[in-house]
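The opening residue of the sequence shown carries number 22 in the working numbering; numbering runs sequentially from there.
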Amino acid sequence: MSLPLHLSRKPRGPAHVSSSRFLAVTPPGGSSFNTMLCSALLLHLLAFSLADPLDQGAVLEPFEADDATGFGPVFVEQPVDTIYPEESPEAKIIMTCEARANPPATYRWKLNNTDIDVNKHGSHYSLSRGNLIISNPLRTEHVGKYSCLATNMYGTVVSQEASVQFGYLDLFSSEERHAVHVKEGQGAVLLCFPPAHYPGQLSFRWILNEFPKFILLDKRHFVSQLTGNLYISKVESSDRGNYSCMASSPSISKSVFSNYIPLKPSVERPIRKYPADLRVKFPHTTALVGQDIILECFALGNPVPEIRWKRVDGKLPDNHQVRMAGAQLYLPNVQFDDSGIYSCEAVNSKGKDHHHANVSVEAHPEWVEHIVDTEKDLYSDYTMSCIAKGVPKPHIRWLKNGEPQSGKELRFSRLTTNDAGMYQCIAENRHGIIYANAELRVFYGAPKFPHSPIKRVLAPKNGRAVIECRPKAAPKPTLTWSKETELLSNSSRVLIWEDGSLEILNVTPADEGSYTCFAENDWGKANNTLPLVVTESTKITLAPSNADIHAGDDTWMECAASYDPSVDITFIWSLNGRVIDLHKENTHYESILNGSSNSKLLIKKAQLRHGGQYTCTAKTQVDNAPASAHLLVRGPPGAPGGVRIAHKSDRNVTLQWSRGADNHSPISKYTIQYRDQFSKDVWKIATTSPVDVEGNAETATVVDLFPWTEYEFRVIATNTLGTGEPSRPSQKETTLESVPVVAPSNVDGGGGASRELTITWTPVQPQYYFGSNFGYIVAFKPLEEKEWNRVKVTDPGAKRYVYKDPKLKPMTKFEVKVKAFNSQGEGPYSITAIIYSAQDPPSEAPEAVEGKALSATAASVSWLLQSDTGIDGYQVKYWRQNQESESLTVRASPKENHTRLEGLKPSSDYIIEIRAYNSAGYGPPSKPIKIRTKKPPPDRPPKKIIATKLKEKYVNVSWEAVEPFSNESIIESYRVLCKLKGNINSTLYTTKTPYIGLQLDTDKEYVVEVRVHTEGGDGAVAQISIPQSYSRATWCSPFLNVLPMLLLGLLLLNL
């Protein structure tokens, strides 16, 4: 017979045997067996002393698991991927590793699966606790994948792998960059050619001429964050300059700049137009669930192309964003549903270009099921398994104490002590790796009954009794039962379960007594005794009654029971087998106890969901007794189901549905609602045939719909108790097409360029298109002619049509009308309108043009009105001499012969010309005239402004005279503004002297402002506040004869 022996030991220490534990074992066989046991013990000691020190495992002495405090290593901190900047001032790398373990773990490290010898002479490696320190790291020696191994007597675990890489960003090439020559209107690409670097992610910006003048990204400019190249869709003269590419590495916080690339646009007149040409095209892209994706597209072309994004195999995700003036499609937090084919299209008036590529969403490994710490009996069977999800599907592999194990799962048949240890399940795909760690402990020992608070077993008379027998034992023990001195076996009333529990059926008082469970295995035996006490059974004495109510009503149910006085009773209420949580559902339920043996359940404001079978259960420690009653809650009907479109035409749809629950009150009618593509989320009541849909119907026809319109429908049932919830909407379907019946409105026209007839109208709203290929037919003819000209306009949103004919006479009278058409035919014409062809532009230039400078910044212009009645107004164009490209214009009505020009520059010559205009264009310009604006006023305010009280209500305000410079206007006078502080009303005075006397007649504070006045305008303002102590009246006025008053004031002061 082969017996498992257990010897406790410390890691790498000598074996020792607990003699007290061995003396407690009494195996069968007596002394001869003891001789065999000693021989086996010596062999086991010899094998143990020669064992591999890494062959650890948790083999528990008999039921050591009950109070064991030791455990295998569990990682608290593991190494992470590290990028070490080559230019880092700190010449070391620290890879962290820490594990909880008892006894404490020892650590070792591997590089690329090879052990690292930290004690080797000249080694760059050292250990600090579990952390690995790499001093003076070298790219040639220390790049790779590192893993930490933590070990104690229970086993070994391996950390997740972490890479060490050296981060660097080299300088750009020092070679001179060649100039890029391009014609205005063409596109340009400036290549970045980023230098060697790690990691791969760089960000790019471009500098124009000098740092930090960065290129602003807009519809014309785009910087690809994949290549770094700068793209200019249409080059303009303002793009001339020297460009430098700036590449930045966020990982190592370093930026480098390329040599300047000159961009030299050349002028081409006229500027040619070019079709859209996609130069930035996003590649096939793979991302992980939860990541953000940026797709790039940018095109060259003139006019500047517009970028449009779409998803070929579905609609764009709801959270997508279009950025960078359309050049980037941003997809945040991508999910598997976002996988598909995406496309970008570049469009301008000269052509279009498109591109599409695939976006794939994959995922890191993630555990669905993994191993956990487990304790198993000796000789028992056990299977370890792990399930992981991910895209691609992860590969599963196993480690035991850091050593590889074969198989997708680990199966153990008859566990032995050698199977104990630290196990790791590893799931890996190309996006990452995850670890699940668990300790397997194998234990054995003689049966032992754990301490139990149960001192006796109660059983109801005529009921059943179950007495448990669950000793701790390994291997599994044999179990037997006795009552007092009688050995028990299976019978019609007594059953011994497989787990050892004893069941007694139809209990009688004669079954009372002491019951003993005996447990025995190879390591020993034990027993446990419990008394059985028989009680009176619990009985329902008052059962709840059935009830019938309407939704929203209150009702109650009552229940009472008799029970044995030696036990406690509680009442539990349930609905359709589910226990009612009276605390969470206190809005509708309340339980009231009437003494210890009676319970009443109040049901408040009952809802339809509260109908069903209510069960009152009287429950004691020994048994329970149930009684049930039915509550019927009547209410509005439930939602109909399965709404679908059975038949459709251009204006009608036949619906079918299935009846919903009537909720115990017959359905009296149905209401049908619809929602179309134009009403958004608003549901409207449909017109039906028959008009009233009876409660026994399951089909109806909706009439008066619009052709070629997408609809969805829902059905609502009504009974005498109210209207129920609507059904789920039907699938969206489009009615059939039909000929349009609505004509465009507000047909009008006239004006436009010479030799043109402009026809305008208000477009038909989309809901009246009634079919595909919608457009307009425009009919027109001169008033005197009979034959109509017809033109098709295929744009549904068109508002005008312009007919051009070089032979067309100005102001010719036309009849015009417009109608709609689609693929099914033509609709009715609009009301015929009378319009006129365009006038000719004015043929004469304005005469007698005169101009006059009013100040440094303003001038007036006048001219003779023209007698031509076909003039809509006059345009005055003006510019500083030699700066016509920056000219400005103002307009005047046909009855005005003058205007004012504002915002001019001081001391400047301006050229002015005037044209008459009408809807056909501008007439010839007048002869240009030249004016010169005045010199500007001094830009300095008066200084040293002071207020002096003379006598009672008189105040003298004086200041230092302003002296103009040679380039400033001569001072003509000073303007003084006086007002109450906080008041908008003010009084303005003018004086040629640098002082003025004011009469102030109030007790309030005053504000006085002083400025110079010149022919060039008013100068800067000086301001002074005059406090209340200076005044007593309510208004400001200058007083006359200022000089005599000053003399009088001085005399009074001397007195």
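Glycine residues also receive a C-beta, built at the ideal position from the N, C-alpha and C atoms.
- LEU925 and ILE992 have their alpha carbons spaced roughly 21 angstroms apart.
- Residue environment analysis places VAL643 among the buried positions, since at least 16 neighbouring C-beta atoms fall within 10 angstroms of its C-beta.
- The Cβ atoms of GLU719 and GLN677 lie closer than 8 angstroms to each other.
- With 16 or more other CB atoms across the displayed protein chains lying within 10 angstroms of its CB, HIS385 is buried.
- The region 323-335 and the region 271-291 do not touch, with fewer than three beta-carbon pairs separated by less than 8 angstroms.
- The count of Cβ pairs closer than 8 angstroms, one atom from the region 792-810 and one from the region 730-746, stays below three, leaving the stretches out of contact.
- Contact between GLU557 and ASP532 fails: their C-beta atoms lie close to 14 angstroms from each other, not under 8 angstroms.
- By the Cβ-count criterion, ARG655 is buried, with 16 or more other Cβ atoms from all chains shown falling within 10 Å of its own Cβ.
- Counting other Cβ atoms within 10 Å of its Cβ, HIS631 reaches 16 or more and is therefore classed as buried.
- Under the three-state reduction of DSSP output, GLU907 falls in the helix class.
- Just measuring C-alpha positions, the residue of VAL185, VAL870, HIS416, ALA467 sitting nearest TRP544 is ALA467.
- Closest by C-alpha distance to GLN99, out of ALA764, TYR128, THR438, SER109, is TYR128.
- Apart from sequence neighbours up to five positions away, the residues of its chain that approach ARG241 with a beta-carbon distance below 7 angstroms are ILE253, SER254, LYS255, VAL325, ordered along the chain.
- For GLU119, same chain residues with a beta-carbon under 6 angstroms away, outside a window of 5 residues either side, are VAL97, GLU98, GLY151 in chain order.
- Closest option to GLY1003, judged by alpha-carbon separation, among GLY662, ILE1047, SER679, ILE517: ILE1047.
- Between the C-alpha atoms of ALA268 and SER195 there is a straight-line separation of about 15 angstroms.
- For HIS668, there is no enclosing alpha helix (DSSP H); the enclosing beta strand (DSSP E) has its first and last residue at 662-669.
- LYS690 is a Cβ neighbour of THR739, given a cutoff of 8 angstroms.
- ASN458 carries a strand assignment under DSSP once its states are collapsed to helix, strand and coil.
- A residue is called buried once 16 or more other Cβ atoms fall within 10 Å of its Cβ, and ALA200, having fewer, is exposed.
- The beta carbon of HIS919 is closer than 7 angstroms to those of SER881, VAL882, SER883 in its chain, skipping five residues each way along the sequence.
- Within a 10 Å sphere around the beta-carbon of PRO530 sit fewer than 16 other beta-carbons, which makes this residue exposed.
- ASP532 carries a helical assignment under DSSP once its states are collapsed to helix, strand and coil.
- Between PHE357 and VAL310, the CB-CB gap stays under 8 angstroms.
- For the beta strand (DSSP E) assignment, the uninterrupted runs of no fewer than 3 residues enclosed by the region 288-374 are, from N- to C-terminal side, 295-302, 306-309, 314-323, 327-332, 342-344, 349-352, 361-369.
- In the three-state reduction of the DSSP assignment, TYR281 falls in the coil class, being assigned neither a helical nor a strand state.
- Between the beta-carbon of ILE525 and that of ALA581 there is about 29 angstroms, and that puts the pair past the 8 angstroms contact cut.
- The shortest C-alpha to C-alpha distance from GLY361 to any of SER370, GLN349, ASP374, VAL380 is the one to VAL380.
- GLU182 and GLU317 have their C-alpha atoms roughly 34 angstroms apart.
- Bounds of any alpha helix (DSSP H) do not take in ARG477, whose DSSP letter is neither H nor E.
- Secondary structure of GLN99 (DSSP, three-state): coil.
- ALA540 is positioned such that its CB atom lies no closer than 8 angstroms to that of ASN527.
- The beta-bridge partner set that DSSP reports for VAL799 consists of VAL812, VAL839.
- Counting along the chain, ARG749 sits inside no beta strand (DSSP E), nor does DSSP assign it H or E at all.
- Among the bridge pairs identified by DSSP, ASN977 is matched with THR969, GLY1018.
- Between the C-alpha atoms of SER864 and ARG901 there is a straight-line separation of about 27 angstroms.
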